[in-house]
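Enquirer:
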Amino acid sequence: MRLHHLLNKLKIESGDMDNNRSIVVSGIADRSMDVKKGFVFVAISGFKTNGHKYINEAICNGASVIIGEGDIAGLPVPYIKVKNSRKALGVIASNFYSNPSKKKNVIGITGTNGKTTTSYMLKHILETSGLTCTIIGTNQNVINGEIVQSVNTTPSSLVLQRILSASKDDVVIMEVSSHGLMQSRVEGVEFDFCLFTNMSHDHLDYHNSMEEYFRVKTSLFEKLKDNGCAVINIDDFWGERLVKLLKGKVKNKLYTIGQSASSHLRIINIRNSGITVKVKNDLVRICPFIPGIHNLYNALMAVATANLLNIDEQGILASINEFKGVEGRFEVIGLDNGATAVVDYAHTPDAIFHCLRTAKQCGAKRLIHVFGFRGDRDSSKWQEMLSIASELSDQYILTLDDLNSVSHKKMVELIECFNNNYGNESGVIISDRTLAIKQAMEQSVPGDWIIITGKGHEIYQQNYHLKTVSDRDTIT
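Here the sequence shown stands for residues 91 to 566, numbered as in my numbering.
1) Any idea what DSSP makes of Cys452, helix, strand or coil?
2) Under three-state DSSP, which class holds Arg375?
3) Is it right to say Cys284 is buried, meaning 16 or more other beta carbons lie within 10 angstroms of its own, or is it exposed?
4) Candidates Ser188, Thr228, Lys450, Ile380: which alpha carbon is nearest His95's?
5) Look at the alpha carbon of Ile237 and the alpha carbon of Asp161, and state the distance between them as a whole number of angstroms.
6) Using the rule of at least 16 other Cβ atoms within 10 Å of the residue's Cβ for burial, across every protein chain shown, is Thr139 buried or exposed?
7) Taking 8 Å as the threshold, find out whether the region 308-326 comes into contact with the region 205-214 through three or more Cβ pairs.
8) With distances taken Cα to Cα, identify the nearest neighbour of Arg252 among Thr222, Leu336, Phe186, His555.
9) Take Tyr169 as the anchor and find which of Arg176, Ser469, Glu159 has the nearest alpha-carbon.
10) With DSSP run on the structure shown, which of helix, strand or coil describes Thr543?
11) Take the Cβ of Lys127 as the centre, count every other Cβ of all protein chains shown within 10 Å, and call the residue buried at 16 or more, exposed below.
12) Just the Cα atoms here: how many angstroms apart are Asn231 and Ala256?
13) Using the C-alpha atoms, what's the distance from Ile520 back to Gly227?
14) On a Cα-Cα basis, can you pick out the residue from Trp472, Ala441, Arg464, Glu481 that is closest to Leu457?
15) Could you give the C-beta distance for Thr287 and Thr208, rounded to a whole number, given that I count them as a contact under 8 Å?
16) Compare the C-beta of Ala119 with all C-beta atoms of chain C and state if any pair is closer than 7 Å.
17) Between Ser274 and the rest of its own chain, which residues show a CB-CB distance below 6 Å, the 5 nearest in sequence each way excluded?
18) Can you list, in chain order, the stretches of the beta strand (DSSP E) that have 3 or more residues and sit fully within the region 281-368?
19) Could you give the DSSP three-state label for Val249: helix, strand or coil?
20) In three-state DSSP terms, what is Met501?
21) Using alpha carbons as the reference points, say which of Tyr512, His444, His459, Lys455 lies closest to Gln473.
22) Assuming contact is defined by CB atoms lying nearer than 7 Å, are Gly418 and Gly546 in contact in what I supplied?
23) For the region 124-159, which segments carrying the beta strand (DSSP E) assignment without a break, of at least 3 residues, lie completely within its bounds, in sequence order?
24) Look at Ile527 and Val432 and say whether their C-beta atoms are less than 7 Å apart.
25) How about Gly634 and Asn494: do their beta carbons lie closer than 7 Å?
26) Following the continuous alpha helix (DSSP H) through Met272, name the residue where it begins and the one where it ends.
27) With three or more beta-carbon pairs closer than 8 Å as the criterion, would you say the region 383-395 touches the region 194-208?
28) Looking only at C-alpha atoms, which of Lys334, Arg121, Leu332, Ile322 sits nearest to Arg356?
29) How far does the beta strand (DSSP E) with Gly424 in it extend, from its first residue to its last?
30) Around the Cβ of Gln533, are there at least 16 other Cβ atoms within 10 angstroms (buried) or fewer (exposed)?
31) Check the C-beta distance from Ala441 over to Asn203 and give it rounded, since I have them as a contact under 8 Å.
32) Buried or exposed, going by whether 16 or more other CB atoms sit within 10 Å of the CB of Gln349?
33) Lys370 by DSSP, collapsed to three states: which one?
34) Between Val518 and Ile487, how many whole angstroms is the CB-CB distance? I'm expecting something under 8 Å.
35) Is the Cβ-Cβ distance between Ile156 and Phe131 less than 7 Å?
36) Based on Cα-Cα distance, which residue from Gly428, Leu314, Ser353 lies nearest to Glu330?
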């Protein structure tokens with residue numbers, strides 16, 4: 091590809107393009123170690139390191155053009171200055187792969203909770219109807235039927251455009267995180283549908299305030315295609331605000347779900363076991379296999395989107411009611427002693443509330459909650475998480491989640507401090523996660539539910555006393 095085609099729609103602050111338009115580009119890299127002869131190297135100011143430090147290494151490895159943010163002179167290859175290298179990477183990656191999202195049906199799902207479950211529900215509906223789906227998200231990526239482990243919920247723009255180009259599937263379903271939006275990972279992607287599930291307290295170590303968090307979430311909807319549609323849960327406070335914000339500001343269609351009479355998909359009656367909605371003039375009953383009112387809303391998001399894709403309504407209803415769930419999302423495991431264990435990814439106050447409440451609604455005689463906090467993450471939500479666990483569970487066991495860069499000793503001190511200040515007498519601390527789960531299982535009796543939150547499908551980062559690799563592995 092010629093350089094001037096690669097830079098189409100890119101806002102350039104400086105650079106001699108007149109003499110370099112015809113340079114042939116053979117690839118793009120944002121890591122100097124990935125550069126090969128004829129590549130464009132995009133220098134990004136990262137959170138751990140600055141890509142501009144590796145420009146000379148990239149040139150030695152064969153880079154023919156450098157794109158960056160600084161004022162740099164004297165390089166042996168052309169240098170193009172841009173305001174934001176992350177955004178530039180998305181634009182040129184999209185150009186390099188011939189703007190793949192324009193040719194595909196692309197669905198983006200954002201929200202604090204429910205992204206993964208909603209995406210898999212929608213995938214199940216569409217595949218049951220005969221369509222093939224690429225899925226990009228927290229648990230894994232699935233492209234052309236092949237499973238690829240994911241590193242981030244939303245991959246880098248370069249990886250994402252490569253996936254979109256490689257996909258031969260009919261539909262691409264993508265979880266879009268606030269970090270992904272903030273870091274311009276979906277720059278250059280155009281969406282046919284953007285879904286907003288809900289928003290609650292999370293990531294305030296990164297976004298500073300709920301208003302900023304909301305603003306970042308709303309930026310996804312600026313990436314809708316001209317004929318695209320926003321699907322929004324307006325029973326959520328922030329979803330209702332989003333509709334008001336989008337009305338009159340975008341030419342795209344808005345489709346709402348909720349209990350309001352103005353909702354396009356109106357909820358008439360909602361119970362833990364199922365939900366009755368009004369679609370056009372028909373009353374329809376939806377009873378997903380997985381329990382919980384929060385999962386009923388996830389199901390409605392999937393049903394609404396499938397409807398907008400003109401999937402047969404009876405097929406949609408049959409499919410959603412047969413959906414068996416997602417690994418690590420309210421995953422129910424029966425124990426030999428008659429108790430029940432649940433593994434769930436819940437790591438926000440709202441998600442923990444719904445998880446514990448759902449277990450009660452499912453008939454739990456006694457709730458034992460095992461959970462922890464993550465090092466280097468939003469500690470402003472810890473007090474509320476502990477308060478909910480104290481109120482809704484009969485006993486809770488505080489343990490360790492991922493330490494990240496925090497030492498084991500420091501993390502234990504932190505959870506002890508929080509438990510002393512905000513916990514109650516029903517709580518104990520067992521820092522080894524596997525032993526915490528083991529104790530919960532050993533003290534359980536028939537009818538008890540053990541709710542283990544925080545890790546879900548994830549593999550342990552630390553070594554524990556029991557030689558297991560995940561919460562599910564520890565249980566089984």
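For glycine and all other residues, C-beta sits at the position ideal for the given N, C-alpha and C.
Expert: So, to answer that:
1) coil
2) strand
3) buried
4) Ser188
5) 42 Å
6) exposed
7) no
8) Phe186
9) Glu159
10) strand
11) exposed
12) 12 Å
13) 32 Å
14) Glu481
15) 6 Å
16) Although the question refers to chain C, the structure presented lacks it and comprises just one protein chain.
17) Arg176, Lys177, Gly180
18) 281-286, 314-323, 343-348, 355-361
19) helix
20) helix
21) Tyr512
22) yes
23) 129-132, 155-158
24) no
25) Because the chain is modelled from 91 through 566, residue 634 falls outside the range shown and cannot be assessed.
26) 268-272
27) yes
28) Ile322
29) 421-424
30) exposed
31) 5 Å
32) exposed
33) coil
34) 6 Å
35) yes
36) Ser353
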